[in-house]
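J.: Would you mind keeping the following structure in view while I ask a few things?
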Ligand SMILES: Nc1ncnc2c1ncn2[C@@H]1O[C@H](COP(=O)(O)OP(=O)(O)OP(=O)(O)O)[C@@H](O)[C@H]1O
Ligand SMILES: [Mg+2]
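Shown next as structure tokens:
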């Protein structure tokens, strides 16, 4: 399996990428359908660490050989403003077009115009290619601090598409992060701009699975029944076992435990494997080795888990308290009692946590954390925060 049998922390391709054949085929087929016209947009939903971005990178590799299809990838996570979104988007669209088409003239004409004064550019606008005029008018808008350029930026790809006879696949990874922050009005206007585009398809991906679900299935959503949904789930146990068996000396019994500890999350599958490989190499893996590596994995993830908790706590401490109680209590009344708040105030908080994919509903009125490793970490935190007060009770 070579020197580095595992890879984690960034999207994977090649031998590090397993399973997902169906998802990849669906994505690929839907993408190619853009050539026959019609509105095909896609929602890709999967919890954090299930491998959405990896799947997207694999799709991008597959599309490289499709001559007139240009892929634009934008990670929306943490994009602070619509203005920044616009800037990133038009540059990504322009660069992706130039790279794929090798149309250096297009690039040079833009570079030339960007050196000139605004008045000079405007006087020449009527003789330019439409898409270049469009791009430059957005750039001038930035110079002049015009607001709401984002809608105009969304039309840039369509302008190139029509003009150059090419198609665009615009991948907006972590779309819910901007959509939830910028609100319903943004989503509505976003949909209004893209719905008539015939040369651009949008692939909206997100780990806020419930938000993504509502985007497609809620009657009040601007995208109601307008998106093809593809789900990225945890890996099936056999896939995990097979992946690990090829890379470590491990028995079937211990593999069972491996599957449980990682919950089939591809990220944890690889992380835990990496630690075992580096600590114990070719030895036969024992349960105590597995437990040791698992503890090490949790502590290496601690900064990320803490950040998640802190981010939520800065909205309200109730979120943190709910998270820390969920490893122990799953029913509303129990959680409310533990938190010392009224039961009727809980759904508001729980629904938000469900929306962003941190919590899942498991049967009537029962909830749990969706990520088994986060859950185990929350357990250890609960003890260290509440251990002493629990003793006094
Ligand atoms: N198909 C796969 N086969 C094997 N490992 C995978 C696969 N997909 C993802 N992984 C592992 O999971 C890790 C996380 O994958 P990726 O970044 O694609 O997930 P994600 O769902 O986009 O996560 P996030 O929600 O954090 O953005 C990768 O670094 C890799 O270790
Ligand atoms: Mg990702």
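Numbering (the working numbering), first residue to last: -4 to 388.
By construction, the Cβ of each residue, glycine as well, lies at the ideal position given by its N, Cα and C atoms.
None of these values were measured; they are calculated from a predicted model.
Quick one: is the Cβ of residue 115 within less than 7 Å of any heavy atom of ligand 2?
T.: Counting from 1 along the chain shown, the entry for residue 115 is found at position 120. The answer is no for residue 115.
J.: Using 8 Å for Cβ pairs, my map puts residue 296 next to residue 368. What's the rounded Cβ distance?
T.: Reading the chain shown from its first residue, position 301 is the one you call residue 296. Reading the chain shown from its first residue, position 373 is the one you call residue 368. With a Cβ gap of about 7 Å, residue 296 and residue 368 count as contacting.
J.: Indicate the three-state DSSP secondary structure (helix, strand or coil) for residue 112 in the structure shown.
T.: Against the chain shown, residue 112 aligns to sequence position 117. Residue state, collapsed to three classes: coil.
J.: Going by the CB atoms, is the gap between residue 65 and residue 91 shorter than 8 Å?
T.: In the chain shown, residue 91 corresponds to position 96, counting from 1. In the chain shown, residue 65 corresponds to position 70, counting from 1. The answer is yes: Cβ separation under 8 Å.
J.: Note down, in chain order, each residue of its chain lying with its Cβ closer than 7 Å to the Cβ of residue 55, except the 5 sequence neighbours on either side.
T.: As a working note, residue 55 is residue 60 in the chain shown. These residues qualify, in order along the chain: 66, 68.
J.: Between residue 421 and residue 183, what straight-line distance do the alpha-carbon atoms span, to the nearest angstrom?
T.: An answer regarding residue 421 cannot be provided, because it is not within the stretch -4 to 388 covered by the chain.
J.: Quick one: residues in its chain with C-beta nearer than 8 Å to the C-beta of residue 150, no 5 flanking neighbours on either side, listed in chain order?
T.: The residue you call residue 150 lines up with position 155 of the chain shown. Around residue 150: 129, 188, 192.
J.: Would you call the CB atoms of residue 40 and residue 208 closer than 8 Å?
T.: Working through the chain shown from its first residue, we reach residue 40 at position 45. Working through the chain shown from its first residue, we reach residue 208 at position 213. Cβ distance < 8 Å, so residue 40 and residue 208 count as in contact.
J.: Leaving out five residues on either side along the sequence, give the residues of the same chain with a beta carbon under 8 Å from the beta carbon of residue 162.
T.: On the chain shown, position 167 is the one that residue 162 refers to. Hits under 8 Å: 29, 30, 63, 64, 65, 156, 194, 195, 196.
J.: When burial is assigned at 16 or more other CB atoms within 10 Å of the CB, is residue 229 buried or exposed?
T.: Here the question's residue 229 lines up with position 234 in the chain shown. Label assigned to residue 229: buried.
J.: Which residues in the same chain have their Cβ closer than 8 Å to the Cβ of residue 387, if we skip the five residues on either side of it in sequence?
T.: Position 392 of the chain shown, counted from the first residue, corresponds to residue 387. Per-residue confidence for residue 387 stands at a pLDDT of 44, beneath the threshold of 50, marking its modelled position as unreliable; no derived number is given.
J.: Given this structure, state the Cα-to-Cα distance separating residue 145 from residue 294, to the nearest angstrom.
T.: Locating residue 145 in the chain shown gives position 150, counting from the first residue. Locating residue 294 in the chain shown gives position 299, counting from the first residue. Those two C-alpha atoms are separated by around 41 Å.
J.: In three-state DSSP terms, what is residue 161?
T.: Within the chain shown, residue 161 is the residue found at index 166, counting from 1. Here residue 161 sits in coil by DSSP.
J.: Around the Cβ of residue 35, are there at least 16 other Cβ atoms within 10 angstroms (buried) or fewer (exposed)?
T.: Counting from one through the chain shown, the residue named residue 35 turns up at place 40. Counting Cβ neighbours within 10 Å, residue 35 comes out buried, since at least 16 surround it.
J.: Leaving out five residues on either side along the sequence, give the residues of the same chain with a beta carbon under 7 Å from the beta carbon of residue 226.
T.: The count along the chain shown starts at 1 and reaches residue 226 at position 231. For residue 226, where only same-chain residues beyond five positions count, the Cβ hits under 7 Å are 40, 41.
J.: Go through its chain and collect everything with a Cβ distance to residue 385's Cβ below 6 Å, but skip five positions before and after it.
T.: For the purposes of this step, residue 385 is taken as the residue at position 390 of the chain shown. For residue 385, the predicted structure reports a pLDDT of 45, less than 50, and the residue's modelled location is therefore unreliable. The matter cannot be settled from this model.
J.: Run through the DSSP bridge pairs and tell me what residue 355 is partnered with.
T.: Position 360 of the chain shown, counted from the start, is the residue given in the question as residue 355. Per DSSP, 363.
J.: For residue 210, count neighbouring C-beta atoms within 10 Å of its own C-beta (all shown protein chains included) and say buried if the count is 16 or more, exposed if not.
T.: By one-based count along the chain shown, residue 210 stands at place 215. By the 10 Å Cβ count, residue 210 comes out buried.
J.: With which residues is residue 326 paired in a DSSP beta bridge?
T.: As a position in the chain shown, residue 326 is number 331, starting the count at 1. Beta-bridge pairing links residue 326 to 361.
J.: What does the alpha-carbon distance come out to for the pair residue 123 and residue 58?
T.: For the purposes of this step, residue 123 is taken as residue 128 along the chain shown, with counting starting at 1. For the purposes of this step, residue 58 is taken as residue 63 along the chain shown, with counting starting at 1. Their backbone Cα atoms lie some 30 Å apart in a straight line.
J.: Can you tell which of 252, 96, 224, 154 has the C-alpha that lies nearest to the C-alpha of residue 283?
T.: As a first step, residue 283 must be located in the chain shown, where it is residue number 288. Checked all of 252, 96, 224, 154; the closest Cα to residue 283 is 252.
J.: May I ask you to check if the CB of residue 47 is nearer than 7 Å to at least one heavy atom of ligand 2?
T.: Numbered from 1 along the chain shown, position 52 holds the residue referred to as residue 47. Indeed, a heavy atom of ligand 2 lies less than 7 Å from the Cβ.
J.: For a quick check, are the C-beta atoms of residue 263 and residue 351 less than 8 Å apart?
T.: To locate residue 263, count along the chain shown from 1; it is residue 268. To locate residue 351, count along the chain shown from 1; it is residue 356. Contact: no.
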